[in-house]
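Below is one structure, written out as C-alpha cells, with a few remarks after it.
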Amino acid sequence: MKRFRIRALMLSMAVTACCVTAGMPATAEETSTEVKTVRHFEDGEVSGYFYEYGCQGDPSAMQVAWDGFRHLETSWEDVKSPLACTGFSHIEYNRETPAVYPFSIRGLFEDLEYSGEFRIGFDSVFGVHGWLSDPRAEFFVAEAYLPGARVLPDDSECYCGMMTMENGETYRIYKTEKTGKTPFADSETYLQYWSVRDPDAARSSTNRTFHLKTPLENHFTAWAMLGMELGICEQIDIRLFSDPEAVFAETGYLKILDLDADGYTTSKFTLRNSTGKAITSLRPGDLNTDGRLTRDDLNRYGVILWDFFDKHMTYEEQCAADMNGDMKIDARDKTLLKRYLLEHPQKPAAERELLFRDEFDGDAVDPAKWGYDLGNWKLDKDGNYVTNGWGNNEQQFYTDQNASVENGVLTIAARKENHTDEKQGSYEYTSARLTTAQKFSVTGGRIEVRARCDSGKSLWPAIWMLPEEDAYGGWAASGEIDIMEGWGSKPDKICGTIHFGGSWPDNQYLTKEYQFPAGTSAEDWHVYAVEWNPDSISWYVDGQLYSTQTEWFSSGYSYPAPFNRNFYLILNLAVGGQFDGIDNVYADPQTFADGEKQFQIDYVRVYSPKEAFPEVRPGSPALELYTEGADASLKNSETGTEITVRSAGEKEYAVMGLLRNQAVAADGSYTLAFTAQSSVPREMIVTVEDSEYKRYFEKHFQLTDTPQEFSTEIQFPADMKADVKFQLGRIGEQIPPGTHTVKLTGFRFGSSAAG
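Residue numbering for the sequence shown follows the numbering used here, starting at 94 and increasing by one per position.
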C-alpha cells in the first residue's frame with residue numbers, strides 16, 4: 094500500500110488579502126529554532142515543502158516558530174482569518190511516471206498520517222486540503238471545527254449527500270464551482286469538493302494532541318460515488334484556516350510534530366485460487382491508473398474484484414485477508430465494494446447505455462451475438478477468394494471448433510493439428526476468429542474486454558474492429574481499430590493501433606505500445622479498452638490511459654471519417670504471420686510442444702458514445718501531419734485543420750500538412766482553394782508535387798490572425814498522383830516564433846469540372 098509520511102504540514106488557500114512572498118532562512122538539515130512575527134500573509138518553499146501562514150488585521154498578529162520544518166508551531170491572538178500550513182507540492186511532475194511522487198492520488202488505498210496539537214477558534218476548520226488537475230479541483234477534508242463555522246459550505250447551495258464510512262463515521266459531501274486565483278493561475282474556474290465530518294464526531298476547539306491517519310480512501314470513494322471526477326493530485330497539505338470574510342477575531346494555535354519522513358512504498362497484492370495459481374496481480378493504483386476516478390471506474394473495477402472474491406476465495410480467506418501490502422484483501426474492502434455495487438448495480442457513468450454485453454455465462458458461444466470467420470483466405474464482399482493468410486501470411490485455418498465457453502470464460506484455442514479443406518488446401522495449425530459482423534456494430538463509445546493469452550513465439554492475439562461497410566474505399570480507407578494486439582514472443586507488452594487514409598498501399602496507421610508493469614504480462618488478466626469519440630480515440634489497460642490518437646484522415650472526406658461509421662468486433666488468435674511469425678511468416682512448432690495455446694476472454698462490454706458524431710462531407714479532405722526534426726501536432730475537425738507548431742525544425746518541409754496521392758489527369762484542370770490564418774504572423778509555403786518532388790505549383794503566403802482566402806487553377810502535363818503540401822517549417826532565414834497555431838478551412842483540391 095502506498096502511504097504518506099510527512100515531516101511538516103502544508104497548507105495553501107486562496108484568500109482575499111494581499112500575499113507577500115518571504116524566503117525561509119532555515120533548511121531541512123538545520124535544527125535551530127527561529128521565531129517570526131507575521132502581520133499579513135507569507136508563503137514560500139524550503140527543501141521541497143511549501144508553507145503559507147498569515148492573518149488579516151494587525152492587533153497582535155501571529156507568532157511562527159520553526160526549525161527547518163521538522164517542527165512548526167503557529168499561534169495567534171485576536172486576529173481575523175488565521176491561516177497556517179505546510180506540505181508538499183509537485184506541480185511540475187512528470188505525467189508519464191507519476192508514481193515517483195509521494196503525494197499522487199492514484200487509487201483508493203492511501204492514508205495521510207500526521208501528528209501535533211491544535212486549538213481552533215470560533216470560525217476555524219482543521220483538516221486536509223489539496224488540488225487536483227484534469228479537471229482542476231480543490232478538495233477539503235474537514236477533521237475538526239465548531240458547528241456553524243462560516244467557512245463550511247452552505248447546505249442550500251452545494252450539498253450532494255451524506256456518506257457513512259466503514260469506521261461508522263458520517264461525512265457530508267459538497268460540490269461547488271469557483272472562479273479565482275489558484276496556485277496554478279492568476280484566475281481560473283475550478284471545482285471545489287468538501288467532505289465534512291459529522292458535527293457529533295467533530296473534535297472540539299479545546300487543546301488537543303493528535304496523531305491522526307486520515308483515510309483518504311473513504312473521502313475519495315464518497316466523492317466518486319456521488320459522481321465527482323477526481324484527477325491527479327498536484328498538491329496536498331494539512332491546514333488550519335478560517336473564512337477570509339469572517340469578522341470575528343480568534344485565538345488559537347497549531348503545532349506540527351516531526352514524523353519520520355522516509356518516503357513511501359508501493360505494494361501490490363495477488364489474488365490466488367485454491368490451487369495457488371495467481372489469477373491477477375493488482376496494485377493500489379489499478380483502481381485509478383489513468384489519474385481519474387469516476388463512478389464508471391469504481392463500478393468497473395469493483396465488479397472485477399467482487400467477481401474474484403466470490404469465484405476464487407473462500408469466506409474464511411476473504412475475512413482473514415488484509416490489504417496492507419501482505420498480498421491479501423480484507424473484508425472491509427470487500428464490504429465497501431459490495432455495498433457500492435448494490436447501490437449502483439452495473440450503471441456506467443454519465444448515464445451511458447450498455448449497448449452490448451457478453452459475460453460468457455453459458456456453456457457455448459452465443460450464436461445471437463457471435464459468428465465465425467472460417468478458413469485461411471480473405472474473401473471479397475461477393476465471397477470470392479482474394480488472398481490467403483488473411484493478407485498477413487497467417488498460417489492457421491480458422492474453424493468453429495476451436496472456441497468454447499466454460500466457467501464464465503470464452504477460450505479460443507490455437508492447436509498444432511492437420512486440417513485439410515477441399516478448396517483452400519492443407520494446414521498444420523487451427524484456431525478461431527469470432528466476429529459480431531451483421532449482429533452488432535457501433536459508432537463510438539467505450540469498448541472494453543477483459544482477457545489474457547498464453548505466450549509463445551508466433552502467437553498473435555487480437556481484439557479489434559472493422560467497418561460494417563467499406564464506405565470510403567477498401568482496406569484501410571474505411572478504417573480499422575485495434576483495441577489490443579499482442580506478440581506471443583514478447584508478452585511484456587501489447588499495442589493499440591488505428592489504420593486509415595487511402596486504400597492499400599496508400600494507407601496510413603498510428604500505433605503505440607504499452608509496457609506491462611514488472612511482474613505482470615499479457616498472460617495475466619487485464620482489461621483492455623478504447624474510448625472512441627468524434628475527435629479522439631484513447632486506449633486503456635486496466636484503466637490506465639496509455640495512448641490517444643487524433644490525427645487520422647480519410648482521403649476525400651472530412652474529419653472524423655473514416656471513424657464515423659459502424660464498426661463490428663473481432664476476437665481471434667492467429668498463428669504465424671507478419672506480427673510475430675518466424676521471418677514474419679512461419680509458425681514456431683516449439684510453441685505447441687506442450688499442447689494448445691489459449692486466448693481467453695472473461696467479458697466483452699460496449700457502452701454508448703458520449704456525444705453524437707458530425708456528418709461527414711465529401712470534398713473536404715482531412716490532412717495528415719509530417720514532421721522532421723520538429724515538434725508539431727495536427728487536429729482535423731468538421732470545420733477544418735489546425736496545425737500547432739512548437740518547434741519548426743531547420744527546413745521548410747520540417748512541418749507539413751499533407752494531402753497525398755491525389756489522382757490527376759493530363760487533360761483536366763484542378764482547383765486548389767483554402768482559407769488560412771495564424772495566431773502569430775508567419776510565412777507559409779504551399780506546393781503541389783509529384784512523387785519525385787517535382788513542383789507544379791508553389792506560392793508563399795504571409796499569414797496573420799486575419800483569414801486569407803485563396804483559390805487557383807492547376808493543370809498537369811501527364812496522369813499522375815499529386816501531393817498537396819502546406820509547409821510550415823523554417824523558411825529561409827526566418828525562424829518562426831514560439832508555439833503558434835495555423836488554421837486551414839474551406840480546403841478543396843479537385844477537378845474544376847466537378848464544381
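The beta-carbon is built from N, C-alpha and C at its ideal position, and this holds for glycine as well. In this text, all values refer to a predicted model and were calculated from it rather than measured experimentally.
Stretch-stretch touch, CB-based, cutoff 8 Å, three pairs: the stretch 549 to 569 with the stretch 679 to 699: Yes, they touch.
Sub-7 Å separation of V699 and G538 beta-carbons: Yes, the Cβ-Cβ distance between V699 and G538 is below 7 Å.
Pairwise C-alpha distance: D456 and I489: The sequence given here places Gln at residue 489; Ile does not occur at that position. Looking at the backbone, the Cα of Q489 and that of D456 are separated by about 25 Å.
For E281: DSSP bridge partner residues: BP columns for E281 point to G273.
Buried/exposed call for R543, threshold 16 Cβ in 10 Å: Buried.
Contacting residues, own chain, Cβ-Cβ under 8 Å from Y252 (five flanking each side not counted): Excluding residues within five positions, the ones whose Cβ falls inside 8 Å are P246, R265, I266, Y267.
In DSSP terms, what M255 is bridged to: Looking at the DSSP assignment, M255 forms a beta bridge with R265.
Residues of its chain near G761, where Cβ-Cβ distance is below 8 Å and the 5 sequence neighbours each way are ignored: Hits under 8 Å: Q808, F809, S844, S845, A846.
Alpha-carbon spacing of R508 relative to G688, whole angstroms: So the two alpha carbons sit approximately 7 Å from each other.
Per DSSP, the bridge partner or partners of W632: For W632, DSSP records a beta bridge to V623, S640.
Inter-residue Cα distance where the pair is N495 and P460: Between the alpha carbons of N495 and P460 lies a distance of about 15 Å.
G572 beta carbon less than 7 Å from that of S640: No, Cβ-Cβ distance for S640 and G572 is not below 7 Å.
Entirely enclosed beta strand (DSSP E) segments - the stretch 540 to 589, minimum 3 residues: Entirely contained in the stretch 540 to 589, the beta strand (DSSP E) runs reaching 3 residues are, in chain order, 552 to 560, 573 to 580.
A622 versus I576 - alpha carbon distance: Answer to the nearest angstrom: the Cα atoms are 6 Å apart.
C-beta contact flag for E231 and Q285 at 7 Å: Yes, the pair counts as a contact, with Cβ atoms nearer than the cut-off.
Backbone secondary structure at T684 - three-state DSSP: The three-state reading of DSSP puts T684 in helix, counting H, G and I together.
Cβ of F819 within 7 Å of any chain B Cβ: You won't find chain B in this structure, because it holds only one protein chain.
Own chain residues within Cβ distance below 6 Å of E735, not counting five before or after: Correct list, in chain order: K728, T834, K836.
Burial state of M777 (16 or more Cβ within 10 Å): With 16 or more Cβ atoms within 10 Å of its Cβ, M777 is classed as buried.
Three-state secondary structure assigned by DSSP to S596: If DSSP states are grouped into helix, strand and coil, S596 belongs with coil.
Extent of the continuous beta strand (DSSP E) to which A756 belongs: Counting along the chain, the unbroken beta strand (DSSP E) around A756 starts and ends at 748 to 757.
For P702 and W625, the rounded distance between their alpha carbons: Distance between W625 and P702, taken at the CA atoms: about 7 Å.
DSSP-derived helix/strand/coil call for A192: In this prediction, A192 scores a pLDDT of 31, lower than 50, which makes its location untrustworthy; the coordinate-derived value is nonetheless stated afterwards. Here A192 sits in helix by DSSP.
Under 7 Å between C-beta atoms of T720 and V748: Contact: yes.
Assigned secondary structure, A766 (DSSP; H/G/I helix, E/B strand, else coil): If DSSP states are grouped into helix, strand and coil, A766 belongs with the strands.
Status (buried if at least 16 other CB within 10 Å, exposed otherwise) for A686: With fewer than 16 Cβ atoms within 10 Å of its Cβ, A686 is classed as exposed.
Anticipated Cβ contact below 8 Å, G839 with T737, distance rounded: So it is not a contact: roughly 20 Å between Cβ atoms.
Distance between Y696 and D451 (C-alpha atoms, nearest Å): So the two alpha carbons sit approximately 6 Å from each other.
Buried or exposed (CB count within 10 angstroms, at least 16 for buried), H793: Answer is exposed; the Cβ neighbour count stays below 16.
F790 - partner residues in DSSP beta bridges: V781.
Three-state secondary structure (DSSP) of G484: It is helical.
Assumed close pair T529, L662 - CB separation to whole angstroms, cut-off 8 Å: Rounded, the Cβ-Cβ distance is 5 Å, consistent with contact.
For F313, the three-state DSSP class (helix, strand or coil): Here F313 sits in helix by DSSP.
When D676, V668, I630 are compared against A654, the one with the closest alpha-carbon: For the residues D676, V668, I630, the minimum Cα distance to A654 belongs to I630.
Strand pairing of Y719, partner residues [DSSP]: Answer is M749, bridged to Y719.
7 Å CB neighbourhood of A569 in its chain, flanking five on each side removed: When the five nearest sequence neighbours on each side are left out, the beta carbons in the same chain lying within less than 7 Å of the beta carbon of A569 are those of H592, F593, G594, W597, N600, in order along the chain.
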